[in-house]
Amino acid sequence: MIPLALIESGEKVEIIDFVKKGKSLFNHLRDIGIFAGKIVEVVSNQGHGPLLLRIDEARIAIGRGMAMKIMVRRLQ
Amino acid sequence: MKEIKVAVAGNPNSGKSTLINAIAGTNLQVGNWPGVTVEKKTATIKFDDLTINLVDLPGTYSLSPYTQEEIIARDFLVKEKPDLIIDVVDSTNLERNLYLTIQLLELDIPVVIALNIYDEAKKKGYEIDIEKLEQLLGVKAIPTVATKKEGIKELLQVLKDFASGINPIVPKKFNYGDVEESLKIVETALKINDPGLLNRYPSRWLVLKLLENDELVLKETGLKGDEKFLKQAVSHFLKSHDEDMESIIADIRYGIAHGVTRDVLKKREKKHIDFTEKIDRIVLNRYLGIPIFLIAMWFVFKLAFDFSAPFSDWLDSVISGPVTKWTTVLLNAAKSPEWFVSLVTEGIIAGVGAVLVFIPVIAVMMFIITLLEGSGYMARVAFIMDRLMHSIGLHGKSFIPLILGFGCNVPSIYATRVLETERDRKLTAMLVPLMSCGARLPVYAIFIGAFFAKNAPTVLWSLYVLGIFMAILLGLVLKKTLFKGFAPVFIMELPPYRVPLFRDLMIHTWQKLRHFVIKAGTYIFAVSVIMWFMLNTPYGVEKENSALGRVGKTISPVFEPLGFGTWEASSSLVAGLIAKEVVVSTMAQIYGTDNGQKDNSEGKEGTKGFLEDLKNVAISFFNAVVDAFQNLLAGFGIKSLQVEEEEEMTTLKSKLQEIFTPLNAYAFLVFVLLYWPCVVVGIAMRQEFGSWKLYGQTILIHSIIAWLVAFLIYQGGRFLGF
């Protein structure tokens, strides 16, 4: 498992778990499509600033701090 | 005559607002949901003999109670019990959108799905089996293309058939697997303990929410959440899973959405070029992103200022010219007392006029904001600026209102709507007044002209930079004090780039503008009357002995340590509450440079007739239009932002040179930059946040900052021997 924030552009990952589940935030993430078991693609990770993800057909920007708290697994 | 109540729900970016515009057109009414700043759109439309009362719910991804929008949407659905829900679904993104649909079906209200953006889905090679979708969900589904008004009639026909009973819609009750047993336990317990509850709410929804331990529902029903039957209902889950009930139920909903999508959607792989992705690769690029944004911003300012300036000037000349003149003539003809004529012309017309002059700027600004939002670029700006904004306790989205503040702070306050949380909105609104707005320019212009003519650009630049610097500083302090807590979390969907419809842009601009004109008009009217009385009671005395003069005199010691403790300066600053450029006009009045002028102009214009004036108004409007377009095309540099010397101000300028020194003049400018924001900003804040409290806090904090900084500059300067 590795934090989402460390995944490079173009990689696909499966969401595994969340560090420190703040309930409200965690639920908001789930409603926007980020939950355990979901497969997402990192469209852009420039090393600083927010990440851009593709979830299904939607483009979701997510702050780096948040992305550090989402644990994922690389898909090959 | 039949009448039905219809709620329109859907995800953000599903094209919901365009669909509403297409259905309701000019019947659309915009207000706020009670007690909150979320926009509420309603419309009553007729389709044959059917009256449809539409209520547009805020765009949400879900009905869980975590954002204001979600709470509003579900409260309406649960309490107002609409007869039917139109669920606007983005056809290119079926699975995500169906997650909300599944939750709507739990409410046991008939659902009609508008499969919107259907043309793009087809272009992408998607095939949706509509009949099967209807069957699986227990809904009616109509393909729509809101931007081209396609499918609207069919949609309304479905509503009509439903209302007349031809076409009953029975929402499907999905089997939630393992959870069903728990649902039954709760339902049975409720039937025994409190059967009234099951009638008051949609029963299945209520039971689900109780299982999820939904705080708001628990509060409303008076249950505590640790009742025996609730614990019993979930006990076998919590033993076998390590997740909470909410996640388990959410997983089931996602599962259903996934399953339905798999059954109805065929993706025929078509090679299509994803424009959005290509543009994003450039626009969000780590090196190009910010330069592109700066160029875009430059165009925004150029448009907002240069395009609107001729119209502002025209309004100004019409109001101070013919309108004032002919009102005076009329009032005199009606034998009105002298003081009343003065109240109407110098008080009301001049005061309200000072604000009306801003309408062109605000209109153009609003239009551009709407354009940038509608095209999808605004979301990208938030993305680019996120990192920078984090340092002052905000996230990327707050950047947009702040940058707009350089034009005029008022639309900035309205633009804070793009932020999700009340905290972010308020913190941003509090920083906005530190962005040096256009109304402060006339004050800078006259002082810089009088004292710093040689270094004009540098001095002007220093004021803008000081404002930004103070905003960062204040942000840092407020983050740790008044707005403690929550680290802002940045999550937002970047919608695909779309060309917004001109019709939609105009509708949205007009709605925002009308709001401003009506509300601001009434408040400004009152404030103008008050200010006139302040400056003219007792009537006929010297300005120094008027109420305003006395207020100025009383508070002038406060400004003594800043180097400008005269009653004239203090009175002007007080008057600046109306709008900051009023500081200059009040000074002009106080130093008595206007009397001679007024006699001159009256003598000059008195010879013209009414029709001639009317003709001139029309001609000057035509010239304004020409100027506006010329400004738009004319070279680089923002024309109206240049420090201009106005002829009539030379008298005031030489007067100022007698009274001020360069040092206290600069301290004065810094004070004008930072002190209380004008009352129009206050009105906007009240409208957006529901009370005067935030404006009060802002006045207090900003005045203290202004005093401290001006004090440091003046005393520091004296110490250094300036």
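So the protein lines, in turn, are chains V and P. Numbered according to this note's numbering, the first sequence spans residues 193 to 268. Numbered according to this note's numbering, the second sequence spans residues 93 to 814. Even glycine gets a Cβ: it sits at the ideal position worked out from N, Cα and C.
Residue i in three-state terms, based on DSSP
i: Asn687(P); result: Because the pLDDT at Asn687(P) is just 43, under 50, the model does not fix this residue reliably, and the point stays unresolved.
i: Tyr76(P); result: An answer regarding residue 76(P) cannot be provided, because it is not within the stretch 93 to 814 covered by chain P.
i: Val211(V); result: coil
i: Ser327(P); result: helix
i: Asn267(P); result: coil
i: Arg360(P); result: coil
i: Thr743(P); result: helix
i: Phe139(P); result: strand
i: Ala250(V); result: strand
i: Ala396(P); result: helix
i: Pro653(P); result: helix
i: Tyr218(P); result: strand
i: Pro287(P); result: helix
i: Met457(P); result: helix
i: Ile371(P); result: helix
i: Ser467(P); result: helix
i: Leu380(P); result: coil
Whole-Å CB distance - residue i paired with residue j, under 8 angstroms assumed
i: Tyr631(P); j: Trp431(P); result: 5 angstroms
i: Pro503(P); j: Ile454(P); result: 5 angstroms
i: Gln227(P); j: Arg345(P); result: So it is not a contact: roughly 19 angstroms between Cβ atoms.
i: Leu174(V); j: Ile231(V); result: Lying outside 193 to 268, the shown extent of chain V, residue 174(V) is not represented and no answer is given.
Local Cβ density within 10 Å of residue i, reported as buried at 16 or more and exposed below that
i: Ala474(P); result: buried
i: His482(P); result: buried
i: Gly229(V); result: exposed
i: Tyr379(P); result: exposed
i: Glu361(P); result: exposed
i: Thr159(P); result: buried
i: Phe561(P); result: exposed
i: Ala255(P); result: buried
i: Ser677(P); result: buried
i: His328(P); result: exposed
i: Phe266(P); result: buried
i: Ser783(P); result: exposed
i: Lys94(P); result: exposed
i: Gly613(P); result: exposed
Residue i versus residue j: straight-line alpha-carbon distance, rounded
i: His240(V); j: Gly255(V); result: 10 angstroms
i: Asn291(P); j: Leu298(P); result: 10 angstroms
i: Pro523(P); j: Leu725(P); result: Here residue 523(P) turns out to be Leu, not Pro, going by the sequence shown. Each residue's Cα considered, the two are about 33 angstroms apart.
i: Gln681(P); j: Met389(P); result: 37 angstroms
i: Val449(P); j: Ser109(P); result: 31 angstroms
i: Asp270(P); j: Ala521(P); result: 48 angstroms
i: Ser409(P); j: Ala213(P); result: 53 angstroms
i: Lys316(P); j: Ser528(P); result: 51 angstroms
i: Leu169(P); j: Asn113(P); result: 21 angstroms
i: Leu251(P); j: Pro202(P); result: 11 angstroms
i: Phe99(P); j: Val147(P); result: This sequence places Ala at residue 99(P); Phe is not what is there. Answer to the nearest angstrom: the Cα atoms are 5 angstroms apart.
i: Ile711(P); j: Asp398(P); result: 19 angstroms
i: Lys97(P); j: Asp223(V); result: 27 angstroms
i: Ala661(P); j: Pro649(P); result: 11 angstroms
i: Leu422(P); j: Lys707(P); result: 19 angstroms
i: Pro79(P); j: Arg251(V); result: Coverage of chain P is limited to positions 93 through 814, which leaves residue 79(P) absent and any answer about it impossible.
Residues near residue i by beta carbon distance below 7 angstroms, same chain, minus five either side
i: Ile440(P); result: Phe617, Ser620, Val621
i: Glu242(P); result: Thr236
i: Thr601(P); result: Ala455, Met458, Phe459, Thr462
i: Thr419(P); result: Val436, Thr437, Ile441
i: Gly641(P); result: Lys635, Trp659, Ser663
i: Ala776(P); result: Val502, Ile505, Tyr506
i: Ile382(P); result: Ile476
Own chain partners of residue i with C-beta closer than 6 angstroms, once the 5 adjacent residues on each side are dropped
i: Gly774(P); result: Tyr787
i: Gly230(P); result: Val262, Pro263, Lys264
i: Pro157(P); result: Ile163, Leu308
i: Phe403(P); result: Pro452, Ala716
i: Glu219(P); result: Lys358
i: Pro104(P); result: Gly151
i: Ser400(P); result: Pro452, Val453, Val456
i: Ile199(V); result: Val205, Val234
Own chain, CB closer than 8 angstroms to residue i, minus 5 neighbours either side, in chain order
i: Asn756(P); result: Leu654, Gly655, Phe656, Tyr806
i: Gln749(P); result: Ala542, Phe543
i: Glu780(P); result: Thr129, Ile505, Tyr506, Thr508, Arg509, Arg517, Ala521
Residue i: CB within 8 angstroms of a non-hydrogen atom of the ligand SAM
i: Val666(P); result: Annotation note on the ligand SAM: not contained in the displayed structure, which lists no ligands.
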